[in-house]
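One structure below.
Numbering (the working numbering), first residue to last: 2 to 364.
Following this line, the structure appears as structure tokens:
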């Protein structure tokens with residue numbers, strides 16, 4: 002596997018054809034710029050953007066495009082990402098990453114995280130301080146694990162549906178280290194003057210330094226594949242939320258504390274929550290949770306004390322489901338309660354099955 006900037010006409014054509022195969026033929030998107038006769042998809046921003054490609058022999062199996070604000074207009078992305086022209090990083094140190102995709106055969110592999118690691122290292126070389134991406138809502142946890150954060154409202158687009166703009170502070174080593182982002186390795190290599198060797202290593206054999214991306218067919222996330230409220234109609238959802246208690250937490254405030262009784266579980270409604278454990282004498286964040294994800298289900302179902310502490314990041318709101326609420330639902334609305342408990346069990350099973358990728362899930 003080789004990751005490189007596509008400079009030759011041959012490499013660029015492979016990327017344009019890969020885009021068409023994935024976006025038009027596989028996902029069925031209607032794209033005005035697509036050339037159906039030639040089975041290729043290119044855009045004007047490709048002309049002044051950096052096309053990154055992952056090549057396996059003669060085939061392009063993954064790609065992304067990086068555009069720097071200093072090199073040309075970012076077009077619709079100026080509005081999509083709510084870019085602030087008064088920001089000292091704009092335009093000289095601002096970049097965006099778009100058109101990232103991987104062929105169906107390689108979505109279970111390390112291609113996606115390696116491609117992100119590669120473009121992060123490239124951004125360091127080019128003096129970029131702030132990078133932007135957008136993703137479907139189910140992929141927010143993956144990007145947060147890498148180091149990106151949401152910073153503005155979701156956007157509904159005609160082409161891609163609802164997406165979340167996300168931002169990365171490339172040089173924020175303290176934050177990246179705190180969440181154990183794999184980008185830390187690149188930043189250390191850059192500071193030591195070894196970034197060229199690092200970029201070459203991104204296309205090497207699979208290794209522990211690169212987290213496995215949570216992708217499957219359809220460019221969706223395998224993590225949290227089941228939602229707590231799956232199978233419930235609008236009427237049932239209204240009853241569930243009338244029963245639940247909405248709780249708000251300030252930045253850094255504990256949602257759950259290690260050792261406390263597990264008498265409730267929660268669903269993140271707004272913001273993010275961080276799970277932390279003591280490792281080698283230091284408190285470290287081992288997992289991040291975003292909107293729609295369940296917290297505390299393992300301890301709740303097993304009726305054991307919390308195994309880790311969960312704190313709000315930048316403010317967080319959750320729907321809390323105490324044991325008394327669930328018992329009341331079992332008595333008055335057994336059908337709803339059965340759905341909730343079934344989905345809880347599936348979510349727990351999915352997390353246990355992926356424990357090698359998502360360590361230290363909250364009990």
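Think of the CB as a built atom: it goes at the ideal place given N, C-alpha and C, for glycine as much as any other residue.
Next item on the list: Compute the distance between the beta-carbons of residue 321 and residue 252, then report whether it is under 7 Å.
Entry: Numbered from 1 along the chain shown, position 320 holds the residue referred to as residue 321. Numbered from 1 along the chain shown, position 251 holds the residue referred to as residue 252. No. Outside cutoff.
Check: Counting Cβ pairs closer than 8 Å, one from the segment 94-113 and one from the segment 125-132, do we hit at least three?
Finding: The segment 125-132 and the segment 94-113 touch, with three or more beta-carbon pairs separated by less than 8 Å.
Next item on the list: Please classify residue 68: does DSSP put it in a helix, a strand, or coil?
Entry: For the purposes of this step, residue 68 is taken as residue 67 along the chain shown, with counting starting at 1. Of the three classes helix, strand and coil, the one that applies to residue 68 here is strand, per DSSP.
Margin query: Is residue 202 a contact residue of the ligand SAM, with contact defined as CB to any heavy atom under 6 Å?
Written below: Inclusion of the ligand SAM in the displayed structure is not the case, the ligand content being empty and no account of it being possible.
Notebook entry, point to check: If residue 291 sits next to residue 164, beta carbons under 8 Å apart, how far is it from one beta carbon to the other, in whole angstroms?
Noted result: Position 290 of the chain shown holds residue 291. Position 163 of the chain shown holds residue 164. Cβ atoms of residue 291 and residue 164 stay farther apart than 8 Å, at about 14 Å.
Margin query: Less than 7 Å between C-beta atoms, sequence neighbours within five positions excluded: which residues of the same chain meet that for residue 182?
Written below: The count along the chain shown starts at 1 and reaches residue 182 at position 181. For residue 182, where only same-chain residues beyond five positions count, the Cβ hits under 7 Å are 147 and 148.
Note to self: Please confirm whether residue 201 has its beta-carbon closer than 7 Å to some beta-carbon of chain C.
What the structure shows: Going by chain labels, chain C is absent from the structure shown, which holds only one protein chain.
Note to self: Closer than 8 Å is the cut-off here; do at least three beta carbon pairs connect the segment 338-356 with the segment 231-246?
What the structure shows: Yes, the segment 338-356 touches the segment 231-246.
Note to self: For residue 310, count the other beta carbons within 10 Å of its own beta carbon; 16 or more makes it buried, fewer makes it exposed. Which is it?
What the structure shows: For this step, residue 310 is matched to residue 309 along the chain shown. With 16 or more other Cβ atoms within 10 Å, it is buried.
Next item on the list: Would you check if the distance between the CB atom of residue 42 and the CB atom of residue 20 is smaller than 7 Å?
Entry: Taking the chain shown and counting its residues from 1, one reaches residue 42 at position 41. Taking the chain shown and counting its residues from 1, one reaches residue 20 at position 19. Taking 7 Å as the cut-off, the beta carbon of residue 42 is found closer than this to the beta carbon of residue 20.
Next item on the list: Flag this pair as yes or no: are the beta carbons of residue 257 and residue 298 separated by less than 7 Å?
Entry: Reading the chain shown from its first residue, position 256 is the one you call residue 257. Reading the chain shown from its first residue, position 297 is the one you call residue 298. It is not a contact, given that the beta carbons lie outside the stated cut-off.
Notebook entry, point to check: Given residue 57, which residues of its chain have a CB within under 7 Å of its CB, disregarding the five upstream and five downstream residues?
Noted result: Taking the chain shown and counting its residues from 1, the one referred to as residue 57 is at position 56. If you ignore the 5 residues before and after residue 57, its C-beta comes within less than 7 Å of the C-beta of 2, all in its own chain and listed in chain order.
Check: Taking Cβ to Cβ, would you say residue 122 is nearer than 7 Å to residue 187?
Finding: For this step, residue 122 is matched to residue 121 along the chain shown. For this step, residue 187 is matched to residue 186 along the chain shown. For residue 122 and residue 187, yes; Cβs fall inside 7 Å.
Notebook entry, point to check: If residue 294 sits next to residue 249, beta carbons under 8 Å apart, how far is it from one beta carbon to the other, in whole angstroms?
Noted result: Numbered from 1 along the chain shown, position 293 holds the residue referred to as residue 294. Numbered from 1 along the chain shown, position 248 holds the residue referred to as residue 249. Actually they do not touch by this definition, with Cβ atoms about 17 Å apart.
Next item on the list: Mind checking which residues open and close the beta strand (DSSP E) that includes residue 3?
Entry: In the chain shown, counting from the first residue as 1, residue 3 sits at position 2. Looking at the DSSP string, the run of the beta strand (DSSP E) that includes residue 3 is 3-6.
Notebook entry, point to check: For residue 315, which residues does DSSP report across the bridge?
Noted result: Counted from its first residue, the chain shown places residue 315 at position 314. Bridge partners of residue 315: none, in fact.
Next item on the list: Evaluate residue 239 with the Cβ neighbour count: other Cβ atoms within 10 Å of its Cβ, from every protein chain shown; 16 or more gives buried, anything less gives exposed.
Entry: Working through the chain shown from its first residue, we reach residue 239 at position 238. Exposed, because fewer than 16 other Cβ atoms sit within 10 Å of the Cβ of residue 239.
Notebook entry, point to check: Can you give the Cα-Cα distance for residue 269 and residue 247, rounded to whole angstroms?
Noted result: Position 268 of the chain shown, counted from the first residue, corresponds to residue 269. Position 246 of the chain shown, counted from the first residue, corresponds to residue 247. One Cα belongs to residue 269, the other to residue 247, and the distance between them is close to 10 Å.
Margin query: In the DSSP assignment, the beta strand (DSSP E) including residue 327 goes from what residue to what residue?
Written below: Mapped onto the chain shown, residue 327 falls at position 326. No beta strand (DSSP E) contains residue 327, which is instead part of the alpha helix (DSSP H) from 324-333.
Margin query: For residue 107 and residue 328, I'd like the C-alpha separation in whole angstroms.
Written below: By one-based count along the chain shown, residue 107 stands at place 106. By one-based count along the chain shown, residue 328 stands at place 327. Rounded to the nearest angstrom, the gap between the Cα atoms of residue 107 and residue 328 is 45 Å.
Checklist line | Collapsed DSSP secondary structure at residue 305 in the structure displayed | finding: One-based indexing of the chain shown puts residue 305 at position 304. Reduced to three states, the DSSP call for residue 305 is coil.
Notebook entry, point to check: How would you write the range of the alpha helix (DSSP H) that residue 202 sits in, first residue to last?
Noted result: Stepping through the chain shown from its first residue, residue 202 is reached at position 201. 196-202 is the span of the alpha helix (DSSP H), which, as asked, contains residue 202.
Next item on the list: Within its chain, find whatever has a CB closer than 6 Å to the CB of residue 15; leave out the 5 residues flanking it on each side and keep chain order.
Entry: Reading the chain shown from its first residue, position 14 is the one you call residue 15. Within the same chain, and ignoring the five residues on either side of residue 15 in sequence, the residues whose Cβ sits closer than 6 Å to its Cβ are 61.
Note to self: According to DSSP, residue 167 sits in a beta bridge with which residue or residues?
What the structure shows: By one-based count along the chain shown, residue 167 stands at place 166. 134 and 151.
Item checked: Distance CB(residue 83)-CB(residue 153) smaller than 7 Å -> Within the chain shown, numbered from 1, the residue matching residue 83 stands at position 82. Within the chain shown, numbered from 1, the residue matching residue 153 stands at position 152. Closer than 7 Å, so yes.
Next item on the list: Just tell me which of 86, 81, 288 and 200 has its CA closest to the CA of residue 177.
Entry: One-based indexing of the chain shown puts residue 177 at position 176. Considering only 86, 81, 288 and 200, the residue with the shortest C-alpha distance to residue 177 is 288.
Check: Using the beta-carbon count (16 or more within 10 Å), is residue 132 buried or exposed?
Finding: Reading the chain shown from its first residue, position 131 is the one you call residue 132. Residue 132 should be labelled buried.
Notebook entry, point to check: So, helix, strand or coil for residue 343, using DSSP?
Noted result: As a first step, residue 343 is located in the chain shown; it is residue number 342 there, counting from the start. Looking at residue 343 - three-state DSSP - the assignment turns out to be helix.
Item checked: Where the alpha helix (DSSP H) through residue 118 begins and ends -> Here residue 118 refers to the residue found at position 117 of the chain shown. Here the alpha helix (DSSP H) through residue 118 covers 112-126.
Next item on the list: Identify which residue in 80, 170, 29 and 174 has its Cα closest to the Cα of residue 157.
Entry: Within the chain shown, residue 157 is the residue found at index 156, counting from 1. Of the candidates 80, 170, 29 and 174, the one whose C-alpha sits nearest the C-alpha of residue 157 is 80.
Check: What are the start and end residues of each continuous alpha helix (DSSP H) run of 4 or more residues lying completely inside the segment 13-90, in chain order?
Finding: With a minimum length of 4 residues, the continuous alpha helix (DSSP H) runs that stay inside the segment 13-90 are 78-81.
Notebook entry, point to check: Which residues in the same chain have their Cβ closer than 7 Å to the Cβ of residue 264, if we skip the five residues on either side of it in sequence?
Noted result: Here residue 264 is taken as the residue at index 263 of the chain shown, counted from 1. Counting only Cβ-Cβ distances below 7 Å, and skipping sequence neighbours, we find 323 and 324.
Notebook entry, point to check: Could you give the residue range of the alpha helix (DSSP H) that holds residue 186?
Noted result: Taking the chain shown and counting its residues from 1, one reaches residue 186 at position 185. 184-192 is the span of the alpha helix (DSSP H), which, as asked, contains residue 186.
Check: Would a C-beta distance cut-off of 7 Å place residue 203 and residue 115 closer than the cut-off?
Finding: For the purposes of this step, residue 203 is taken as residue 202 along the chain shown, with counting starting at 1. For the purposes of this step, residue 115 is taken as residue 114 along the chain shown, with counting starting at 1. For the 7 Å CB-CB criterion, residue 203 and residue 115 form a contact.
Check: For residue 259, does the three-state DSSP call read helix, strand or coil?
Finding: As a working mapping, residue 259 is identified with position 258 in the chain shown. Of the three classes helix, strand and coil, the one that applies to residue 259 here is coil, per DSSP.
Checklist line | Rounded separation between residue 7 and residue 117 - CA only | finding: Mapped onto the chain shown, residue 7 falls at position 6. Mapped onto the chain shown, residue 117 falls at position 116. Their backbone Cα atoms lie some 16 Å apart in a straight line.
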